[in-house]
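Undergrad: Would you mind keeping the following structure in view while I ask a few things?
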Ligand code: HDD
Ligand code: HEM
Ligand code: HEM
């Protein structure tokens with residue numbers, strides 16, 4: 013029954029998509045902490061922290077869901093990826109640990125100001141390193157370098173050459189730019205009552221959009237040699253082209269809306285754009301999990317394993333979605349992070 | 067250090083670190099909602115203050131728990147890819163359910179921590195309850211996976227392959243119930259004792275502080291209930307071990323000979339070369355009774371099993387002695403507290419008793435670490451008991467000493483910072499006057515208090 017494995021694979025893609033759209037922006041927030049400059053630098057930092065604080069732990073769980081689904085439903089692919097990419101993934105874990113802990117130390121310092129400052133810096137730096145390493149790992153999976161020995165069924169790897177190559181690094185940079193882009197755009201909405209602050213983030217969003225464009229182009233050029241299967245997949249047939257056009261359109265709308273200060277529209281378009289990029293990637297790679305040896309079907313566990321997990325996922329979602337909805341309603345929907353109607357901040361610059 | 071040893075050390079170190087934070091994540095929400103519930107019922111501000119300040123310390127521990135747990139779920143693949151390639155589908159069900167428990171836990175934790183002045187009091191309390199339930203469930207699910215490694219069922223083993231997988235049977239294996247219950251109680255018990263210890267220490271410095279007295283009151287209730295339940299549950303668990311892993315039981319007890327009327331050994335040092343346990347106090351026939359409910363029952367000894375399947379016997383035996391000793395010590399301390407409290411109709415105030423609580427503070431965590439050592443080391447040399455050896459599960463990646471060193475250093479630094487910050491939080495607890503002041507102020511305006519305690 014191949015359909016079941018496709019459904020699980022679709023769930024994995026959706027979970028990755030939500031992870032990038034939510035936790036990716038939390039990483040982006042850390043990145044902008046690095047670039048908090050100008051007269052409102054401290055205010056930028058404060059708002060970024062306030063935006064991330066209540067939700068980052070929940071957003072982070074999507075990554076765990078991806079890992080769990082991979083090892084329970086596609087164990088061969090999980091084993092191959094985890095073996096070949098041990099080094100970048102372990103480094104990413106160090107980043108995840110430092111970032112999460114540093115953020116907590118910074119948020120609850122009990123008056124230890126020096127520790128608080130240092131934690132803030134560690135948080136910012138590790139927020140940049142972590143998605144970069146995640147991107148490298150994703151790029152390595154797509155590159156077609158991770159192969160399985162047909163006789164032994166064991167992954168063939170020297171643990172280095174699979175990821176230490178231009179294409180994975182370009183994808184790392186691309187993911188980094190996407191995170192920064194999402195975060196800046198979300199922030200324009202969150203601080204929309206503080207026009208100057210919103211403008212700070214708007215400018216940052218536009219810079220990030222440029223970076224996204226550049227790294228997208230670089231990745232595409234490198235893909236020709238670095239990940240030929242993906243490269244051809246992206247251009248395969250009329251459907252793929254149509255897909256690229258929609259993605260491009262969303263990007264243009266996002267940037268245009270940002271320029272026009274239509275922040276909600278920009279956010280919507282950016283969500284669509286980044287979601288479509290990940291979906292496009294997944295489709296380009298279809299039906300492979302790890303090109304060229306592991307397909308969704310041949311890496312999948314037995315249907316007797318997949319079916320109950322899918323049922324559990326469905327029932328779990330019934331609990332999860334209302335809970336997420338409530339979380340975002342309490343802390344996000346219709347709220348801004350700005351405490352007062354802001355004469356004070358508006359008057360300090362011009 | 068060879069790669070296998072490095073991998074085992076890294077896994078053990080990561081788990082030993084994570085389990086402390088996980089236990090706090092399971093149990094602190096209970097203490098917090100008990101305090102907040104007391105506030106809702108009595109309107110005594112000291113309880114609200116307690117819940118609020120506990121939640122700040124818990125937030126730090128939660129974050130470290132979440133990221134160290136993420137490390138674990140990756141490490142399963144990074145260190146043991148062969149194990150996961152075969153076991154993944156079998157333990158997938160509990161881990162998937164655990165994923166949902168994490169989601170709910172993180173969501174309601176966000177609401178609880180940042181919702182003090184955004185949510186109505188009762189909704190806020192309910193969010194705390196949800197954190198507690200989902201935290202407990204996540205612990206139960208992951209221990210189900212571990213129980214499967216000790217009692218692997220739910221598959222047919224054909225030509226070295228796990229086929230005909232039955233996920234529910236694997237999840238609800240013969241060991242899941244006793245192990246998960248024992249672990250859950252352990253989490254509540256260890257945290258209750260740690261909390262009582264910290265607040266007793268503060269009370270020794272500031273004898274009349276109602277804040278610390280309230281804290282000890284709540285912690286002792288939980289400590290008493292769990293200390294009574296734990297030895298009982300432990301006995302069920304040992305019977306379950308005897309039925310499913312007789313070799314492990316023999317190692318725990320230092321039982322080398324197969325015999326009827328086997329004695330229970332207290333203390334002692336197993337000598338593997340001489341194949342005997344020296345210096346132990348032996349209670350005749352007690353082991354036969356405890357393990358099988360019959361003084362004449364036959365207990366299998368280590369010699370009944372091939373030598374190359376023995377776990378490191380002294381480690382398992384000593385760890386088991388430490389855990390049980392801690393368990394009975396804590397039972398004694400909690401029972402004593404109950405008597406003192408019943409006599410005084412108040413939280414015990416005696417200096418010597420407060421010192422006793424301080425000394426007993428770390429014992430729950432010690433028992434947890436010892437207990438896991440019993441379970442994990444007692445399962446060696448197997449990673450899947452009877453089916454896959456640990457040595458066959460490890461990654462081919464060379465140089466594993468490097469990540470082991472890096473993560474050990476990282477966790478060491480984190481531990482230092484966490485202890486430092488928690489210490490600061492504890493030392494900022496309110497004085498008696500502050501509590502009275504808050505109480506007077508609260509008469510009209512609870513929001514105000516919240517602002518103040520934030521500034522404090
Ligand atoms: C899902 C599985 C799982 C769970 C819930 C635990 N462990 Fe475990 N543990 C393993 C899965 C595992 C493992 C992957 O199977 C290891 C690595 C090598 C081995 O034999 O088992 C292991 C090894 C291992 C060892 C080393 C044994 C040896 O190599 O001699 C220790 C001391 C612990 N663990 C301690 C713990 C602690 C403190 C835990 C509390 C959280 C814990 N384990 C939970
Ligand atoms: C191999 C063993 C284990 C793995 C792979 C594992 C995995 C994880 C992961 C991925 C998280 C982070 C979830 C989040 O982001 O909120 C986590 C947290 C947690 N784990 Fe573990 N865990 C293991 C052992 C245990 C054990 C034995 C317990 C028993 C009590 C436990 C209880 C918890 C709890 C309650 C949390 C959430 C609380 C917190 O974040 O502090 N875990 N674990
Ligand atoms: C007082 C008497 C106690 C008895 C008789 C007892 C019994 C046991 C036994 C037999 C095991 C081994 C399970 C296996 O076969 O793998 C075990 C494991 C364990 N014990 Fe205890 N125990 C006691 C007290 C405690 C206390 C006080 C704690 C912590 C507060 C604790 C924490 C643990 C943990 C964490 C494990 C490993 C996980 C599990 O199996 O649930 N135990 N215990």
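Residue numbers (this note's numbering), protein chains in the order written: chain X, 13 to 362; chain Z, 67 to 522. Ideal Cβ positions, reconstructed from N, Cα and C, are used throughout, including at glycine. Since the structure is predicted, the reported quantities are computational estimates derived from the model, not experimental observations.
Heavy atom of ligand 3 less than 8 Å from the Cβ of residue 304 of chain Z, yes or no?
TA: yes
Undergrad: At which residue ranges does the region 62-127 of chain X contain complete alpha helix (DSSP H) runs of 4 or more residues, listed in the order of the chain?
TA: 68-85, 87-96, 98-119
Undergrad: If you draw a straight line from the alpha carbon of residue 435 of chain Z to that of residue 224 of chain X, how long is it in whole angstroms?
TA: Rounded to the nearest whole angstrom, the C-alpha separation of residue 435 of chain Z and residue 224 of chain X is 47 Å.
Undergrad: Just reading off the beta strand (DSSP E) that residue 27 of chain Z is part of, what are its end residues?
TA: Beyond the ends of chain Z as shown, which are 67 and 522, falls residue 27 of chain Z; an answer cannot be given.
Undergrad: For ligand 3, which residues have a Cβ under 5 Å from at least one heavy atom, in chain order?
TA: For ligand 3, the selected residues are Z/245, Z/248, Z/249, Z/252, Z/255, Z/256, Z/296, Z/297, Z/300, Z/303, Z/304, Z/307, Z/389, Z/390, Z/393, Z/430, Z/433, Z/434, Z/437, Z/438, Z/440, Z/441.
Undergrad: Since I believe residue 143 of chain X is in contact with residue 36 of chain X (beta carbons under 8 Å), could you give me their beta-carbon distance rounded to a whole number of angstroms?
TA: That belief holds up - the Cβ atoms of residue 36 of chain X and residue 143 of chain X are roughly 7 Å apart, short of 8 Å.
Undergrad: Quick one: complete alpha helix (DSSP H) runs, 4+ long, within the region 342-370 of chain Z?
TA: Runs found: 352-358.
Undergrad: Please say whether residue 245 of chain X and residue 168 of chain X have beta carbons closer to each other than 9 Å?
TA: no
Undergrad: If you measure from the beta carbon of residue 146 of chain X to each beta carbon in chain Z, is any gap under 9 Å?
TA: It does not: the Cβ of residue 146 of chain X has no partner Cβ on chain Z nearer than 9 Å.
Undergrad: Using the beta-carbon of each residue, which ones in chain Z are nearer than 7 Å to residue 171 of chain X?
TA: In chain order: 463.
Undergrad: Since residue 33 of chain X contacts residue 201 of chain X with CB under 8 Å, what's their CB separation in whole angstroms?
TA: 14 Å between Cβ atoms; not a contact.
Undergrad: Going by C-alpha distance, which of Z/384, Z/343, Z/363 is nearest residue 369 of chain Z?
TA: Z/343
Undergrad: Near residue 283 of chain X, which residues of its chain fall below 7 Å by C-beta distance, leaving aside the five closest residues on each side in sequence?
TA: Sequence-distant Cβ neighbours of residue 283 of chain X in its own chain, meaning closer than 7 Å and more than five residues away, are 33.
Undergrad: Since residue 288 of chain Z sits in a beta bridge, which residues does DSSP pair it with?
TA: Beta-bridge pairing links residue 288 of chain Z to no other residue.
Undergrad: Nearest to residue 126 of chain X by CA position, among Z/483, Z/497, Z/340, is which residue?
TA: Z/483
Undergrad: Comparing the C-beta of residue 84 of chain X with each C-beta of chain Z, is any distance below 9 Å?
TA: yes
Undergrad: Tell me which same chain residues have a C-beta within less than 8 Å of the C-beta of residue 379 of chain Z, skipping the five on either side of it?
TA: 317, 320, 336, 338, 368
Undergrad: Name the two residues that bound the continuous beta strand (DSSP E) containing residue 330 of chain Z.
TA: 330-332
Undergrad: Please list the terminal residues of the continuous alpha helix (DSSP H) segment that includes residue 321 of chain X.
TA: In this chain, the alpha helix (DSSP H) harbouring residue 321 of chain X covers 315-343.
Undergrad: Looking at chain Z, is there any beta carbon in it that lies within less than 9 Å of the beta carbon of residue 39 of chain X?
TA: So, not an interface residue.
Undergrad: Apart from the five residues just before and just after residue 193 of chain Z, which ones in its own chain have a Cβ nearer than 6 Å to its Cβ?
TA: 174, 177, 178
Undergrad: Is there at least one Cβ from chain Z nearer than 9 Å to residue 58 of chain X's Cβ?
TA: Output row for residue 58 of chain X: interface = no.
Undergrad: Assign residue 170 of chain X to one of two classes, buried (16 or more other C-beta atoms within 10 Å of its C-beta) or exposed (fewer than that).
TA: exposed
Undergrad: Determine, using beta carbons only, whether residue 307 of chain Z comes closer than 9 Å to chain X.
TA: no
Undergrad: Taking only beta-carbon positions, decide if residue 69 of chain X is within less than 9 Å of chain Z.
TA: yes
Undergrad: On the three-state DSSP scale, how would you describe residue 180 of chain X?
TA: helix
Undergrad: Which same chain residues, not among the five before or five after residue 362 of chain Z, have their C-beta less than 7 Å away from its C-beta?
TA: 326, 327, 354
Undergrad: Pull up the distance between the alpha-carbon of residue 308 of chain X and that of residue 166 of chain X, whole angstroms please.
TA: 17 Å
Undergrad: Is there contact between the region 278-291 of chain Z and the region 345-360 of chain Z, where contact requires at least three CB pairs shorter than 8 Å?
TA: no
Undergrad: Quick check: is the beta carbon of residue 119 of chain X nearer than 9 Å to any beta carbon in chain Z?
TA: yes
Undergrad: One question on the structure: do residue 20 of chain X and residue 230 of chain Z come within less than 9 Å of each other, judged by their Cβ atoms?
TA: For residue 20 of chain X and residue 230 of chain Z, no; Cβs fall outside 9 Å.
Undergrad: Nearest-angstrom Cα distance between residue 174 of chain X and residue 114 of chain Z?
TA: 55 Å
Undergrad: Under the rule that 16 or more other beta-carbon atoms within 10 Å means buried, what is residue 198 of chain Z, buried or exposed?
TA: buried
Undergrad: Is there contact here, the region 100-107 of chain X with the region 133-148 of chain Z, by at least three beta-carbon pairs under 8 Å?
TA: yes
Undergrad: List in chain order: all unbroken alpha helix (DSSP H) runs of 4+ residues lying wholly within the region 358-429 of chain Z.
TA: 379-410, 417-426
Undergrad: Do you know offhand how far residue 486 of chain Z's Cα is from residue 136 of chain X's?
TA: 22 Å
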